[in-house]
Amino acid sequence: MSQRSLRRRVTIWVAALLTAYLALAYFAAPEFWTFRDCGFRNQRFEMVTHTPQGIPGDPINVGLVGTQKEVVHAFAVAGWDTADAVTLKTAIDIGESVLFSRPYPDAPVSRLLFEGRAQDLAFEKPVGDSADRRHHVRFWQTSATGDDGRPLWLGSASFDRGVGLSHDTGAITHHIGPDIDAERDFLMHDLDAAGELISTSDMEGIGATTTGRNGGDDPYFTDGKAMVGMLRQLP
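Mapped onto my numbering, the consecutive letters of the sequence shown carry residue numbers 4 to 238.
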């Protein structure tokens, strides 16, 4: 091979590598990160709910990425029930369930507001025959999306340990257990065991809290993280 031919081939390779670098650095990479930034990880939310009276409520500690149909399906497969709406009838039913230890797996949950809106969905899993002890979670659909374009739902999961009076308003309410991280992990474990989760990741929540109080003045503690699950897509 002549010296001139070798120089020509080297020049071609250098030009090709330079072109590839420019394409990657100035076109492909920015487009990739623009796409990634469309997801929820760069968005900031007020990661706490409020009662209708404006009192800070339960923290946001879970999230799911999926359509509404996929969220409802996932909880049904995991053995959770959809909570009934709050009406006069359901209020009487839950009162009878607590007083007489009658099963009421679809018992309503109270309204909490997140970014000014009441929950879109709520699910529960009773413990025992009465509706006074149960795992439960509220979810709000946000305007944010996951990397695959499906909506992000943020939720507040806690364990109802019994019924009593709110220390702030005097209304009859459930009192939550203080370890809300355990409830977060329980919920995600149930969805994962049911085969409904593709993956999980953490996002910033309210921050580490050791002396938190919710809308019923119940104490809670948390590491301050929200766990977000990517739901399996339905056919």
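C-beta atoms are modelled at their ideal positions from N, C-alpha and C, and glycine is treated no differently. As the structure is a computational prediction, the values presented were derived from the model and not from experiment.
With respect to His192, Asp163 sits apart: the two C-beta atoms are not nearer than 8 Å.
Around Ala197, the same chain offers Ala77, Val80, Ala81, Gly82 as residues with beta carbons nearer than 8 Å, after the five sequence neighbours per side are excluded. At a Cβ-Cβ threshold of 8 Å, Thr225 and Gly232 do not count as neighbours.
Between Gln122 and the set Trp143, Trp16, Val130, Asn217, the nearest pair of CA atoms involves Trp143. For Gly218 and His53, the gap between their C-alpha atoms comes out near 7 Å. Under the three-state reduction of DSSP output, Met191 falls in the helix class.
If you look at Ala147, you'll find it in the beta strand (DSSP E) that goes 137-148.
Each residue's CA atom was taken as its position, placing Pro154 and Ala18 some 43 Å apart. Looking at the DSSP output, Thr225 sits in a beta bridge with Thr212. Take Pro55, set aside five residues on each side of it, and the residues of its chain with a beta-carbon closer than 7 Å to its own are Arg114, Leu116, in chain order. Put simply, the backbone Cα of Glu127 is about 9 Å away from that of Arg141. Around Ala86, the same chain offers Asp109, Ala110, Pro111, Val112, Ala125, Phe126, Glu127, His139 as residues with beta carbons nearer than 8 Å, after the five sequence neighbours per side are excluded.
Around the beta-carbon of Pro62, 16 or more other beta-carbon atoms lie within 10 Å, marking it buried.
Leu157 is positioned such that its CB atom lies closer than 8 Å to that of Gly66.
Between the alpha carbons of Gly69 and Gly208 lies a distance of about 20 Å. In its chain, beyond the 5 residues on either side, Asp61, Ile179, Ile183, Glu186 have a beta carbon closer than 6 Å to the beta carbon of Ser161. Counting of Cβ neighbours within 10 angstroms places Leu237 among the exposed residues, the total staying below 16. Going by C-alpha positions, Ile58 is about 34 Å away from Glu199. Around the Cβ of Pro129, a 10 Å sphere holds 16 or more other Cβ atoms; the residue is buried.
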